[in-house]
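Take the sequence shown: its position 348, counted from the start at 1, is 348 in the working numbering, and no numbers get skipped.
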Amino acid sequence: MEQDLPPGQIGLYIHIPWCLSRCGYCSFYALPFRRQDFAEYFATLLKEKQLHLDAGIPRLSTVYFGGGTPSLLSPLQINTLLEGIALSPDAEITLEINPIQITQEYAAALSQTPVNRISLGVQSMLDEDLAYLTRRHKAEAVAGKVRILREAGFRNISADFIYGLPASDVRRVRHSLDLLLAIPFEHISSYLLELYEDTPLGKDAARLPEDEECAAQYSAICQMLAAAGFTQYEISNFARSGRESRHNLLYWEGHDFLAWGASASGYYRGTRYQNPPDLAQYYQYIQAGRIYGKPDPEAKPEADYIMMRLRLCRGLSLAEFQQRFGQDFQSPRAAAIKRLQSQGLILCDSESIRLSPAAYFISNSVIADLL
Ligand code: SF4
């Protein structure tokens, strides 16, 4: 049993599955950029928007342009997509940007859109890492790109940072992060590199560092970011005060968010759904006047909620769980809770249950014990 959430907390995710070139480790749904195809996709996004407008879009508190490479959208296209949509006065509007696309002209034009948060795909401040990942920018360009964004008025900028590359070690990760911390960012997302078989770098999966080495790198990252004044608020995310990603918090807190674009996943009125993950099917789907994708038959609202909430450092509120699902969180899990507590992997009090920092790197297995 799931209850409606209070109004005022709803996001929109817009997916742009096009990239200028494919990064060697990428397993996302990403397509090579071709102007004409992109124009057709944009036109379909506008149709999807109109269908939602006809159905009624609540006032949005966040919008997130993700990809792929959403900075392939021109500022005019961004304005067109957002035109006519009601946004909260303090709405957070994020755009993921590939550093190579930042120019003074683009940043100045972007400042004339509602976008007020930038997520920059930095990944590493070492050129060898960037070359290995087949990213197209150079490390030395990053500071200048951030300066351009700041001069254009952007005051909320996040950087992605990847660790756990083949042959990496704590010393290299520290060096790369030191260079990143010399640049003013409000938020840092740090991800462990995973290499899947069907990607060009998949053949290197056996060269990835052992778990102990990756855990040491993760621990060094957490330590350095804390020392630099960032607060960890989620397993992979760190923010300066008040600069947490409000859009991602909607996911982790189990609020509603709409999703537009091929393969985009949303969660609306208690149902998790996905738009068709293929361009032709997506076009047909929208032409047929359909929205809200296909409900995900695998969705398990209670398990999803637990997995998302426990990723947050503040953990899961016991009262909120009871209110949302009409059941007590602890009683059916008493044995697992006792065992994980005695192992120092979770922390409990009368109001909440959360992972201890010692459990962050092995969060998936710890959370699995609580599902
Ligand atoms: S920019 Fe992102 S989505 Fe595009 S190919 Fe690289 S990793 Fe994949």
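Where is the CB? At the ideal position from N, CA and C, for every residue including glycine.
- The C-alpha of GLY164 lies about 41 Å from the C-alpha of ILE57.
- Shortest gap from the CB of ARG34 to any heavy atom of the ligand SF4: 7 Å or more.
- Per the C-alpha coordinates, the member of GLU351, ILE286 and ASN116 positioned closest to GLY315 is GLU351.
- Using a C-beta cut-off of 8 Å, the region 88 to 96 makes no contact with the region 34 to 45, since fewer than three inter-stretch Cβ pairs fall below that distance.
- In the structure shown, GLN274 adopts extended strand secondary structure according to DSSP, grouped into three states.
- When the alpha-carbon of ILE306 is set against those of ASP296, LEU318 and LYS49, the nearest one is in LEU318.
- By the criterion of a C-beta distance shorter than 8 Å, ASP169 is surrounded in its chain by PRO209, GLU213 and GLN217, once the five residues flanking it on both sides are discounted.
- Here ILE14 carries a strand assignment [DSSP, helix/strand/coil].
- Of the heavy atoms belonging to the ligand SF4, at least one sits nearer than 7 Å to the Cβ of GLY121.
- Rounded to whole angstroms, the gap between the alpha carbons of GLU128 and LEU310 is 35 Å.
- Under the Cβ criterion (8 Å, minimum of three pairs), the region 228 to 240 does not count as touching the region 59 to 77.
- Within the chosen limit of 7 Å, the ligand SF4 reaches the beta carbon of PHE28 through at least one heavy atom.
- Looking at the DSSP output, ASP256 shares a beta bridge with ILE10.
- The residues ILE291, in chain order, have a CB closer than 8 Å to that of ALA55 in the same chain once the five nearest residues on each side in sequence are set aside.
- For GLY266, the pairing in a beta bridge is given by DSSP as TYR273.
- Between ALA107 and LEU149, the gap from beta carbon to beta carbon is short of 8 Å.
- The beta carbon of ARG207 lies closer than 6 Å to those of PRO166 in the same chain, with the five residues before and after it left out.
- Looking only at ARG172, ALA139, ARG135 and ARG246, the smallest Cα-Cα distance to GLU186 is reached by ARG246.
- Less than 8 Å separates the beta-carbon of ILE157 from that of VAL146.
- In the displayed model, ASN248 falls within a helix according to three-state DSSP.
- In this structure, the CA atom of LEU81 is about 20 Å from the CA atom of ARG34.
- In the assembly as shown, ASN237 is a buried residue. Its beta-carbon has 16 or more other beta-carbons within 10 Å.
- Relative to the ligand SF4, even the nearest heavy atom lies 7 Å or more away from the CB of ASN248.
- Partner residues in the beta bridge of TYR64, as assigned by DSSP, are TYR13 and THR94.
- ALA159 and SER189 have their C-alpha atoms spaced approximately 6 Å apart.
- Taking 8 Å as the cut-off, the Cβ atoms of LEU110 and LEU60 do not count as close.
- Taken from the Cβ of THR44, every heavy atom of the ligand SF4 lies 7 Å or farther away.
- Here LEU340 carries a helix assignment [DSSP, helix/strand/coil].
- Assigned with DSSP and collapsed to three states, TYR233 falls in strand.
- DSSP, read as helix, strand or coil, puts SER176 in helix.
- With 16 or more neighbouring CB atoms inside 10 Å of its own CB, SER263 falls in the buried class.
- Looking at the backbone, the Cα of ARG333 and that of MET224 are separated by about 35 Å.
- PRO17 sits buried, since 16 or more C-beta atoms from the chains shown fall within 10 Å of its C-beta.
- If you compare the alpha carbons of PRO200, SER124 and ALA359 with that of ARG172, the shortest gap goes to SER124.
- Exposed is the label assigned to LYS138, since fewer than 16 other Cβ atoms lie within 10 Å of its Cβ.
- Pairing ILE14 with ALA227, the inter-Cα distance amounts to about 35 Å.
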